[in-house]
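**Student:** Quick one: structure below, then a few questions.
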Amino acid sequence: MRASMLMMTRRALVALTLPVLASTLVACSDDDDTPTAPTLQTITQTAAATANLSTLVTALQAAELTTTLNGTGPFTVFAPVNSAFSALPSDVVTRLLETGNRAILTKVLTFHVVPGRITASQLRDGQTLTTVEGTALPVSVANGVVTVGGARVTTADVAASNGVVHLIDGVMLGSLDIVDNAIIRGFSSLVSAVQAANLVTPLRGGNLTVFAPTNAAFAAIPGGAPTDVATLTRVLQLHVVGSRALSSQLSNGQQLPTLLTGTSLTVGLTGGVRVTGPRNFASVVAADVVAKNGVIHVIDTVLLP
């Protein structure tokens, strides 16, 4: 009887122990599993999830590029942070986001995108990257600091499923020509005159210096701006020099040959920068708006031939 009870007790203990052992083995097995890496998001999703890139996301949406950056890629994106957009004049950002300027905004944004996955360790000083927009993007590396197109990389190698994102502290406008810059910077009277004189194409090429009158300067022309195309063309040609001249390259008394045949502007540096034409002079009120094909200096008076 006693032996029978012992056998029953042993069987009960085994029955109780087996589930506990099984549970312990399962738990040990779970502990030994390698943690699953989080699923990477696309570049668009990564930007949308980054608070410091909210302005960039707005711009991507306005340019209808979110689907593209959700695509297979891979892409390398140099992503301007919010403060980079804030550093631009507010009216420039506003104009960039206007529906009518979508082509210009697309030029700006695709200048920040390079085909392929390029990590920070692959960037070299003096390297040139070919952007999706087509304009070359220069790279500089000095003392461990990487800059692209003049903008500094502040956070590198943010991984995405279809590429990599590098955060930068500036919005790069190096893909915009003189006409694009005139549009986004609010020179509406000058742009209208250039269009009326059929000079848009010439001002998108070459390597030029444009002395750009403000809207107020056009409004102050005695008798109003010329409506005759031939006269208007002569007026505009007087404001264009056939080579790039930054303010640092100007000297007192310098002669700048213009696109108006046989006519030059004389530079004066006494009490500020002044350019004098055949009939009047203008003061430079803002200098060195650098464009893809030259430079713009803003002036307060329309020069007359």
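First residue of the sequence shown? That's 136 in this note's numbering, and the numbers climb one at a time after it. Glycine is no exception: its CB is placed at the ideal position from the N, C-alpha and C atoms. Quantities reported herein were computed from a predicted structural model and do not represent experimental measurements.
Give the single residue among ASN297, SER383 and ASN217 whose Cα lies nearest to the Cα of VAL402.
**Tutor:** Nearest C-alpha to VAL402: SER383.
**Student:** Is the beta carbon of THR211 less than 7 Å from the beta carbon of GLY341?
**Tutor:** No, the pair does not count as a contact, with Cβ atoms beyond the cut-off.
**Student:** Going by alpha carbons, who is nearest to VAL276 out of THR265, ALA184, GLU268 and THR289?
**Tutor:** The shortest Cα separation from VAL276 among THR265, ALA184, GLU268 and THR289 belongs to THR289.
**Student:** Can you give me the C-alpha to C-alpha distance between LEU394 and PRO224, rounded to a whole angstrom?
**Tutor:** Answer to the nearest angstrom: the Cα atoms are 30 Å apart.
**Student:** Given this structure, state the Cα-to-Cα distance separating THR181 from VAL227, to the nearest angstrom.
**Tutor:** Approximately 26 Å between the Cα atoms of the pair.
**Student:** What ranges does the alpha helix (DSSP H) occupy inside the region 296-337, keeping only unbroken runs of at least 4 residues that lie completely in it?
**Tutor:** For the region 296-337, whole alpha helix (DSSP H) runs of length 4 or above, ordered along the chain, are 313-319 and 323-331.
**Student:** When DSSP labels each residue in this structure, what does ARG287 get in the three-state scheme?
**Tutor:** If DSSP states are grouped into helix, strand and coil, ARG287 belongs with the strands.
**Student:** Three or more C-beta pairs under 8 Å: does that hold for the region 234-243 against the region 300-320?
**Tutor:** Touching, yes, given that three or more Cβ pairs across the two stretches are closer than 8 Å.
**Student:** How far does the beta strand (DSSP E) with VAL425 in it reach, from first residue to last?
**Tutor:** Start and end: 416-426.
**Student:** Tell me whether ILE313, by its Cβ, gets closer than 6 Å to a heavy atom of the ligand GTP.
**Tutor:** In the structure shown, the ligand GTP is absent, as is every other ligand, since no ligand is present at all.
**Student:** Use the C-beta contact count for ASN316: other C-beta atoms within 10 angstroms, 16 or more gives buried, fewer gives exposed.
**Tutor:** By the 10 Å Cβ count, ASN316 comes out buried.
**Student:** Assign GLU268 to one of two classes, buried (16 or more other C-beta atoms within 10 Å of its C-beta) or exposed (fewer than that).
**Tutor:** Under this definition GLU268 is a buried residue.
**Student:** Let me check understanding here. Comparing Cα to Cα, which of THR396, ALA380, THR398 and ASP435 lies closest to ALA352?
**Tutor:** Of the listed residues, the one whose Cα sits closest to ALA352 is ASP435.
**Student:** Determine the burial state of LEU381: buried for a count of at least 16 other Cβ atoms within 10 Å of its Cβ, exposed for fewer.
**Tutor:** Its Cβ having fewer than 16 others within 10 Å, LEU381 is exposed.
**Student:** Look at the Cβ atom of ALA417, then the Cβ atom of HIS432, and state whether they are nearer than 7 Å.
**Tutor:** Result no, Cβ atoms of ALA417 and HIS432 do not sit closer than 7 Å.
**Student:** With distances taken Cα to Cα, identify the nearest neighbour of THR270 among GLY208, VAL300, LEU325 and HIS247.
**Tutor:** Selected option, being the one with the closest Cα: HIS247.
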